[in-house]
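A short write-up of the structure that comes next.
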Amino acid sequence: MAKSEVREKATLTPPEKKPPQFGMAADGTSSPAGLIIKILVLALVLGIAVWAALPLLADQRWVGLAIVVLVTALLFYIYLSPRRVPAKYLIPGTLFLIVFQIVPVLYTMSTAFTNFGDAHRGSKQDAIAAIEGTSVQQVPGTPEYVLSLATKGDPTTGDIVFLLTDPAAKQSFAGTSEGLEELAADDIQVGPDGKVVEAPGYTVLNIGQASARAEDISQFSVPTDRGAIKNQGLSRAFEGTPLRAYDASCDCIKDAESGQTWTADDSNGLFVDSEGEALAQGWKVNVGFRNFTDVLSDQTLRASFLKMLVWNFGFAIGTVVITFVLGLLVAVVLNKEELKGRRIYRSLIILPYAMPVVAMYLVWRDMFNTDFGLLNRLLGTHINWFGTTASAMFAILLVQLWLGYNYMFLVCTGALQSISADLTEAAQVDGAKPSYAFRTITFPLLLVALAPLLIASFAFNFNNFNAIYLVSQGAPFPPDNPQAGNTDILITYTYRLAFGGAGAQYGLAAAISVFIFLIVAVISILSFRRTHALEEIN
Amino acid sequence: MSELIPPSETMEPTPLRRPGEQVDDTPHDVVRLGSAQGGWFRRVGWRHLVGVLALAFSIFPILFVVSAALNPLGTLSSSQLIPTGASFENFTKLFDTSFPRWFLNTMILGIASAAVSLFISACAAYAFSRFRFKGRRFGLLSILLVQMFPQFLAIVALYLMFATITDLWPPIGFNTVWGLLLLYMGGALGVNTWLMKGFFDTIPKDLDESAKVDGATHAQIFFGIILPLVAPILAVTGLLGFIGAVNEFLIASIFLTQDSAKTAAVGLYGLVSQERNNNFGVFAAGTLILAIPTVALFQFLQRYIVGGLTGGAVKG
Amino acid sequence: MKRKLRIVRAAVLLAVVALVLSACGGGGGQTSGGGAQTGSGAKLLIWTGGGPGGEATKKLGEAWGKENGVNVAVQLVPENLQTQFVTASQAGKAPDVVMGAHDWIGNLVQNGAIDPIQMTEDTRAAYEKLAIEAVTFNGQTYGVPFTMNNIVLFRNTDLAPEAPSSIEDLVATGKQLKAAGKTSEILALPVGPTGDPYHINPLYTSGGGYMFGQQPEGGYDPKDLGVGKPSSIQAYEKIAALGEKGEGALKRSIAGDNILSLFTAKKTAFMISGPWQFADLKKTKLHYDVSPVPAFEGGKPARPFITVDAAYVASKGQNKLLAQEFVTNYWSTPEVNLALFKASPNVPALKAALEQIKASDPLVVKVADAGRKSGQIMPSIPEMAAVWDPLGKAEAAVVAGSDPASSISAAGKAIQASLK
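Protein chains in written order, with the numbering used here: chain A, 17 to 554; chain B, 36 to 351; chain C, 51 to 470.
Quick look at the structure:
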């Protein structure tokens with residue numbers, strides 16, 4: 017055989033043992049073209065790394081800078097080293113995977129240990145600032161001033177001054193950080209709307225100038241005996257006083273008017289008063305395993321968990337099986353060379369794949385409408401598709417079949433083309449029926465090639481939120497349990513639990529996702545061990 | 036007695052022939068046990084029937100969309116399959132919006148996303164298929180498991196991440212095609228890698244070995260031998276990547292708020308907004324136009340998907 | 051071989067140096083360019099939903115920007131604007147102004163996302179009282195309203211010339227028309243497979259139910275949940291009588307996506323919906339009229355929910371000065387209100403604007419009158435978000451024919467559980 021001859025030749029004259037060269041493959045053969053490409057790419061990588069590092073440097077983000085340096089060094093090492101061949105192929109994809117998928121997943125999982133959600137998104141400082149800010153009330157009996165923003169002197173550097181006009185009393189004032197100072201009517205010019213247009217010693221700002229000093233203006237206020245005067249936009253000012261303030265000594269919020277106190281509850285991230293009433297604004301705190309125990313002790317979840325898990329698996333497996341079977345069937349049938357119009361069939365069959373999935377889910381949901389839907393009208397029936405569990409499951413799987421079989425059809429066609437047509441011919445010459453040849457030769461090969469795809473498709477459909485939520489929304493719901501429907505899968509239930517309550521509860525949702533993740537991971541690992549799907553197949 | 040096929044020759048897809056064999060091109064339908072030289076229907080016609088049924092099954096919901104697009108009062112539940120009172124009003128309304136710009140954005144994103152993710156996926160699939168290294172199984176499994184984490188939860192994390200990115204590197208931040216492209220690359224190692232690995236596995240290792248002995252580097256084997264052999268699946272993956280990027284809505288809608296940066300999917304949903312009913316006709320019209328490049332791409336790729344190639348699964 | 055290696059090494063070094071230099075140049079230029087940008091003039095970023103209202107907002111925003119020399123960018127966020135706004139606010143990427151429904155206020159305030167607004171007495175007086183009430187939360191005003199919508203009864207005047215005086219009257223007329231073969235449905239009230247508490251609220255309140263009790267100083271009391279109480283069960287018993295096992299006036303197969311086509315195709319003479327339908331109805335030649343949603347005979351008044359759209363100032367926006375100016379001084383003008391109305395037919399919140407459209411759009415004024423007379427502001431407390439889903443599902447179950455007592459009490463329990 018030619019092969020062994022070449023091997024023999026190779027052993028007769030062993031190649032010189034060269035130490036691994038810079039940029040060369042271990043056996044000393046590297047095409048010049050390959051080398052040039054490698055150099056160019058690495059140079060590009062370095063250029064990008066420098067470009068990325070500069071803003072990090074300017075911002076003094078040392079951790080980010082270190083990461084960029086490390087990653088660049090890693091890339092250089094991998095691509096310049098003659099070994100590490102698998103890494104050369106895996107590194108680009110892995111880097112993207114880590115940054116844009118794994119890091120967010122880890123971050124989200126870490127929120128499972130907090131009460132992150134609505135009213136608990138920021139820090140305690142944020143909450144205090146928000147509470148104080150939203151408690152500012154206009155001091156009763158004070159005028160609603162017409163405001164002109166001005167500076168003492170240069171518009172870009174001078175002190176901010178509020179030129180105020182009380183429209184009722186027709187008096188004007190200059191408000192500085194020392195307080196209000198009356199302005200004589202003869203000295204100033206006032207516009208028809210009451211705005212001070214000119215005043216000696218002060219420069220009135222236009223919008224551009226005011227916008228440039230926005231930060232200073234937002235921090236500026238004119239002190240008065242009962243509070244302070246702050247601006248509202250460019251042309252109004254009010255005298256107001258914050259009713260609530262934070263008192264560090266008691267770690268609480270005090271209301272100046274009513275005297276009520278709300279003390280900080282750091283285990284829940286809320287300010288609570290003596291009766292247990294909390295202020296609206298809270299903050300994010302670490303809650304340890306509380307979300308996890310909540311999930312485990314949730315009554316609805318316990319009662320329906322098994323049911324949802326079973327349907328979740330059934331739905332995912334069912335989708336994969338029916339789409340594969342129909343796709344394969346149609347692919348085999350249409351695979352004949354002589355079949356005219358094959359191209360037309362192919363193009364039109366995959367047309368559903370070109371339509372936006374979300375829109376198609378809605379169209380299908382409309383078709384299942386009991387009284388007006390297309391299906392019922394065509395069949396002349398009055399089936400309430402989402403009224404009973406069995407029909408709802410059937411409806412969902414039908415939609416999935418429609419959406420997915422053409423993907424399988426496409427892939428199977430590609431696979432069938434790659435598999436030697438000669439094989440089946442040869443088998444038939446040997447006396448086998450076409451169907452037998454298919455069953456024993458083509459199909460096993462097909463399965464070998466497509467098994468990973470089927471597994472991956474199962475994984476995708478396991479968490480196919482849209483397929484359930486947009487079509488049936490989990491219906492039908494048992495009358496005594498509005499939370500867990502009969503076609504709910506774990507992820508739709510998670511979504512409803514997390515976002516259906518009084519605001520989003522990301523921490524709780526993350527905890528449930530961790531559970532789902534663990535379950536699926538364990539089952540996948542076990543099934544892989546058994547089917548040796550990861551072993552070499554050839 | 037099989038001669039070695041030098042790498043250069045395998046660049047071109049050739050129909051499978053054992054080298055040296057006399058090719059008999061005369062059609063011989065002699066070896067078809069069980070089906071006599073029967074009528075057209077028996078041999079081919081029934082296949083047409085299946086094809087037509089499959090076609091009808093695939094097409095009929097799309098007729099809904101077509102009918103809504105042609106109906107000036109286009110609502111989701113027009114309840115009529117065959118369009119009546121056709122008018123192109125929805126299409127003209129569509130071009131009054133920024134649709135042409137959105138369409139361009141989508142095409143750029145779609146093609147770039149498909150190409151890059153295809154390349155990354157193929158490289159990774161090659162590594163998983165051909166090399167044995169520590170962490171190989173773990174890697175394969177983790178690719179799968181990462182897919183199983185619900186997207187809508189990771190959105191907050193992604194948003195925070197991109198908020199920082201936008202501050203530091205605006206060209207790849209929010210409202211840029213490149214930033215969204217990078218984000219999509221995160222998903223490149225996914226279902227497609229598994230799909231391609233399966234196909235790579237069907238190519239016998241002997242091919243690699245003989246080429247290696249002949250002096251080819253792993254890169255040359257990859258680009259020169261393996262890739263041409265799996266052209267059908269590359270075409271399929273590229274097409275799927277394109278479709279995925281074109282139709283992706285959830286992440287794009289969060290990422291792209293500026294009108295000139297939006298993709299067609301995001302822009303079209305903006306037209307329909309809260310009341311799904313009103314303007315559904317315009318939405319349907321846009322959807323149909325958006326489907327055209329996909330179908331065109333498929334037509335273009337058909338010959339790669341269809342052509343039979345060497346290196347079948349089992350070789351003598 | 052060695053020489054080749056040396057050349058290769060030199061080439062690599064050169065390429066690297068070249069690229070580094072160019073990157074430095076590019077990077078430096080970029081950072082300095084970035085620095086220059088922040089000082090270059092006034093900016094304002096506004097987020098609003100999609101649709102024709104969003105387009106109109108864009109035009110108005112740009113007009114104001116041109117007049118005042120401000121670079122105004124209006125971005126349309128079609129889905130999940132509230133969630134996206136809160137997420138962006140926390141990430142430091144909030145817009146300066148956001149347009150949204152008033153029932154977002156509770157959630158936005160608890161997340162520290164919006165600032166209260168001080169309105170002058172004159173401005174306040176220019177608005178409908180209920181509109182101002184809607185944007186008030188915990189004693190503070192948070193937004194400048196621009197629309198005030200509520201649902202009414204649409205009636206095909208060819209089929210039903212007189213407005214029904216009660217629900218029972220409506221059902222009777224509907225049945226007559228159905229028997230005569232003129233229509234196929236009695237009423238198009240959206241229910242859907244998962245219910246719709248918003249549209250059924252007039253019937254719910256007329257039957258005696260309520261969502262949340264009122265606090266003495268105004269506003270809703272989250273501790274007093276009406277769902278699950280005997281009054282709510284009684285109300286739903288009346289609703290059950292209209293359901294699929296009763297008169298057949300309420301059906302789960304009728305939902306938001308098909309009420310309009312049912313009404314325009316004359317399959318029903320009555321539709322309960324809001325002024326957003328006017329735009330499409332104009333395109334048909336239908337003869338129709340609107341009237342307040344009727345109550346049950348002998349029941350309490352039927353109170354539709356009032357929803358208000360308002361403009362808010364983001365707490366974490368970068369340009370608060372301009373945002374406050376835009377929202378309090380520009381968005382509150384009648385010209386703006388009218389322009390928005392022309393684009394999307396919602397009831398204007400400004401009294402002056404409503405006056406102006408009296409002649410051209412009398413139906414809109416009728417909607418406003420109905421709202422003013424018996425409308426009930428939709429609760430904006432965060433706890434309301436926990437009500438929709440369970441109550442909706444219970445409503446769907448009751449319409450389907452299941453026992454109101456068990457369904458509604460289960461809903462009440464579920465809501466209480468998620469409020470804890």
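The beta-carbon is built from N, C-alpha and C at its ideal position, and this holds for glycine as well. Quick caveat, the model's predicted, so the values are computed rather than measured.
Cβ of residue i within 8 Å of any chain C Cβ
i               : result
E198 of chain A : no
T240 of chain A : no
N385 of chain A : yes
R311 of chain B : Because R311 of chain B sits at a pLDDT of 48, beneath the cut-off of 50, its placement in the model cannot be relied upon, and the following sentence gives the value as read from the coordinates. Yes, its Cβ sits closer than 8 Å to a Cβ of chain C.
Residues of its chain near residue i, where Cβ-Cβ distance is below 8 Å and the 5 sequence neighbours each way are ignored
i               : result
S133 of chain B : D294, S295, K297, G302
H398 of chain A : T386, D387, N392
Cβ of residue i within 8 Å of any chain A Cβ
i               : result
P263 of chain B : no
P440 of chain C : yes
K179 of chain C : no
A460 of chain C : yes
F335 of chain B : no
Residue i at chain B interface by Cβ criterion, 8 Å
i               : result
L126 of chain C : yes
T233 of chain C : no
L534 of chain A : no
A141 of chain C : yes
E4 of chain C   : Here chain C comprises residues numbered 51 to 470, so residue 4 of chain C is not present and cannot be evaluated.
Y377 of chain A : no
I556 of chain A : Only positions 17 to 554 of chain A appear in this structure, which leaves residue 556 of chain A out of reach.
V487 of chain A : no
A41 of chain A  : In this prediction, A41 of chain A has a pLDDT of 46, which is less than 50 and means its spatial position is unreliable; what the coordinates show is noted afterwards. Answer yes: the Cβ-Cβ gap between A41 of chain A and chain B drops below 8 Å somewhere.
Nearest-angstrom beta carbon gap, residue j and residue i [assumed within contact, 8 Å]
i               : j               : result
M383 of chain A : P96 of chain B  : 7 Å
V206 of chain A : T240 of chain A : Not quite, the Cβ-Cβ distance comes to about 22 Å (not below 8 Å), so this is no contact.
I289 of chain C : G242 of chain C : Contact flag wrong, Cβ pair sits at about 15 Å.
A299 of chain C : G224 of chain C : 6 Å
V397 of chain C : M261 of chain C : The pair is not a contact, with the Cβ atoms about 22 Å apart (cut-off 8 Å).
A360 of chain C : V185 of chain C : 5 Å
Proximal residues to residue i (C-beta, below 6 Å), its chain only, five neighbours per side dropped
i               : result
D281 of chain A : V288
A403 of chain C : P384, N387, L388
S282 of chain C : G259, G276, I458
A464 of chain C : P440
Neighbouring residues, chain E, relative to residue i (Cβ below 7 Å)
i               : result
G221 of chain B : Looking at the structure shown, chain E is missing, and the protein chains on hand are A, B and C.
Residues near residue i in its chain [Cβ-Cβ closer than 7 Å; skip 5 each side]
i               : result
M409 of chain A : T503
S215 of chain C : P344
N140 of chain B : V212, A296, K297, T298
Near the ligand MG: residue i beta-carbon under 7 Å from a heavy atom
i               : result
E433 of chain C : Because no ligand of any kind appears in the structure shown, any question about the ligand MG cannot be addressed here.
Item to check | Contact list for the segment 143 to 174 of chain C against chain B, Cβ threshold 9 Å | outcome: K143, P145
Checklist entry - Using a Cβ cut-off of 7 Å, which residues of the segment 236 to 247 of chain C contact any Cβ in chain A, in chain order? => result P243, T244
Next on the checklist: With three or more C-beta pairs closer than 8 Å as the rule, is the segment 132 to 152 of chain A touching the segment 170 to 181 of chain C?
Outcome noted: no
Checklist entry - If we count Cβ pairs, one from each stretch, closer than 8 Å, do we get three or more for the segment 242 to 249 of chain A versus the segment 155 to 166 of chain A? => result yes
Checklist entry - Does the segment 420 to 428 of chain A come close enough to the segment 360 to 374 of chain A to have 3 or more Cβ pairs within less than 8 Å? => result yes
Checklist entry - Is it true that the segment 308 to 322 of chain C meets the segment 159 to 170 of chain C, where meeting means three or more beta-carbon pairs spaced less than 8 Å apart? => result no
Checklist entry - Using a Cβ cut-off of 9 Å, which residues of the segment 498 to 510 of chain A contact any Cβ in chain C, in chain order? => result P498, Q499, G501
Item to check | Residues of the segment 338 to 369 of chain A with Cβ closer than 7 Å to any Cβ of chain B, in chain order | outcome: V346, V349, L350, K352, E354, L355, R359, Y361, R362, S363, L364, I365, I366, L367, P368, Y369
Checklist entry - Per the contact definition of three or more C-beta pairs closer than 8 Å, is the segment 112 to 122 of chain C in contact with the segment 402 to 416 of chain C? => result no
Checklist entry - When Cβ atoms are compared, which residues of the segment 122 to 146 of chain A fall closer than 8 Å to chain C? => result D134, A135, R137, G138, D142, A143, A145, A146
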